[in-house]
Amino acid sequence: MTRVAITTDRFDSVASAYALRGLEPVPLPCLRVEPAGDDALTYAREAAADADLLLVTSPRTVSLLWPEQEMPEVEVAAVGESTAAAVAGSGGRVIAAGRSGLMGLIETVADRLKQARVVFPHAGGSDLAASQRLRQLTSHVEEYVVYRTVPMAPAMTTVEAISFASPSAVQGWLMTRDLQDVVVGVIGGTTGAAVARVRTPDAVAARPSHKALAVALADYLDKTA
């Protein structure tokens, strides 16, 4: 059974996707999360309650802003199935779920953006090109950094494959390890670009989710076995 490094800090939430594809998930987190301060989270939460449309790009955003309470009665555009599920699980109203990252989601709801008051809580260092496109499409957008991901070096456990879901995880891995002699899978264009600075990824998720990446890795491994 191929051992796959799970480099996110959300191992318990995503490991089953790999196990279901006959892979052995191994927890090797390459980042840690630093939430914004309580005041910043409060401002983001209050702004969200008054928005016409929320853009949400990560389940982590939902858990930080609404850990024990329902989301406000606001329309939500979510990046990926896991984020959409997190929104729905907190009582949010998903009107669109993107399948090709933040830029793709923005284009999907472009008509809705033109006259909406948009609130976009996100991680520090998010896709700058997507943020610029968002500002082109709407005259009223408020962005709030609700957490930052900090790269950290993983343990030296032996694996045959790696799953990357963020550029921060790639940076953390490269602190002490390389990408030689392993199969590399990625979620999203920005993560793929971070890997491509070193080498070409072997497997790219068709959608922004660990389920899709597990499928892509398993298919690649089957073809090259």
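The C-terminal position of the sequence shown is numbered 224 in numbering that gives the first Met the number 0, with every residue numbered one higher than the one before it.
Idealized CB from N, CA, C, for every residue including glycine.
**Asked** Is there contact between the region 134 to 141 and the region 115 to 124, where contact requires at least three CB pairs shorter than 8 Å?
**Response** yes
**Prompt:** Any idea what DSSP makes of Ser162, helix, strand or coil?
**Reply:** Indexing the sequence shown from 1 puts residue 162 at position 163. Of the three classes helix, strand and coil, the one that applies to Ser162 here is strand, per DSSP.
**Request:** Give the DSSP-derived three-state secondary structure of Leu136 in the structure shown.
**Result:** Taking the first residue of the sequence shown as position 1, residue 136 is located at position 137. Helix, per DSSP.
**Which of helix, strand or coil DSSP assigns to Ala14** = For this step, residue 14 is matched to residue 15 along the sequence shown. Note: Ala14 maps to helix in three-state DSSP.
**Item:** Where the alpha helix (DSSP H) through Val61 begins and ends
**Value:** Position 62 of the sequence shown, counted from the start, is the residue given in the question as residue 61. It spans Pro58 to Leu64 - the alpha helix (DSSP H) in which Val61 sits, taken as one unbroken run.
**Presumed contact (8 Å Cβ cut-off) between Val145 and Ala39, rounded CB distance** = Numbered from 1 along the sequence shown, position 146 holds the residue referred to as residue 145. Numbered from 1 along the sequence shown, position 40 holds the residue referred to as residue 39. Indeed they touch by this definition, with Cβ atoms about 7 Å apart.
**Request:** Identify, in the order they occur along the chain, each residue of the same chain with its Cβ nearer than 7 Å to the Cβ of Glu23, setting aside the five sequence neighbours on each side.
**Result:** The count along the sequence shown starts at 1 and reaches residue 23 at position 24. Around Glu23: Met0, Thr1, Arg2 and Val3.
**Message:** Let's see if you can read the secondary structure: which residues bound the beta strand (DSSP E) around Leu112?
**Reply:** By 1-based counting over the sequence shown, the position of residue 112 is 113. No beta strand (DSSP E) contains Leu112, which is instead part of the alpha helix (DSSP H) from Ala109 to Leu112.
**Request:** Spell out the partners DSSP gives Thr148 in its beta bridges.
**Result:** On the sequence shown, residue 148 is found 149 positions in, with the first residue counted as 1. According to DSSP, Thr148 bridges with Val32.
**For Arg154, the three-state DSSP class (helix, strand or coil)** = For the purposes of this step, residue 154 is taken as the residue at position 155 of the sequence shown. It should be pointed out that residue 154 corresponds to Ala in this sequence rather than to Arg. Three-state DSSP puts Ala154 in coil, outside helix and strand.
**Message:** Checking 9 Å against the spacing of the C-beta atoms, do Ala204 and Ala211 come in under that value?
**Reply:** Stepping through the sequence shown from its first residue, residue 204 is reached at position 205. Stepping through the sequence shown from its first residue, residue 211 is reached at position 212. Contact: yes.
**Request:** Taking 8 Å as the threshold, find out whether the region 158 to 170 comes into contact with the region 185 to 202 through three or more Cβ pairs.
**Result:** yes
**Item:** Integer Cβ distance of Asp86 from Met70, believed to fall under 8 Å
**Value:** For the purposes of this step, residue 86 is taken as residue 87 along the sequence shown, with counting starting at 1. For the purposes of this step, residue 70 is taken as residue 71 along the sequence shown, with counting starting at 1. Correcting the residue identity first, residue 86 is Val in this sequence and not Asp. Yes, they are in contact, since the Cβ atoms of Val86 and Met70 sit about 7 Å apart, within 8 Å.
**Message:** Less than 7 Å between C-beta atoms, sequence neighbours within five positions excluded: which residues of the same chain meet that for Val32?
**Reply:** Position 33 of the sequence shown, counted from the first residue, corresponds to residue 32. These residues qualify, in order along the chain: Asp8, Arg59, Tyr146 and Thr148.
**Request:** Report yes or no: do three or more beta-carbon pairs, one from the region 94 to 102 and one from the region 67 to 82, lie closer than 8 Å?
**Result:** yes
**Asked** Does the ligand ZN have even one heavy atom less than 8 Å from the beta-carbon of Ser167?
**Response** Annotation note on the ligand ZN: not contained in the displayed structure, which lists no ligands.
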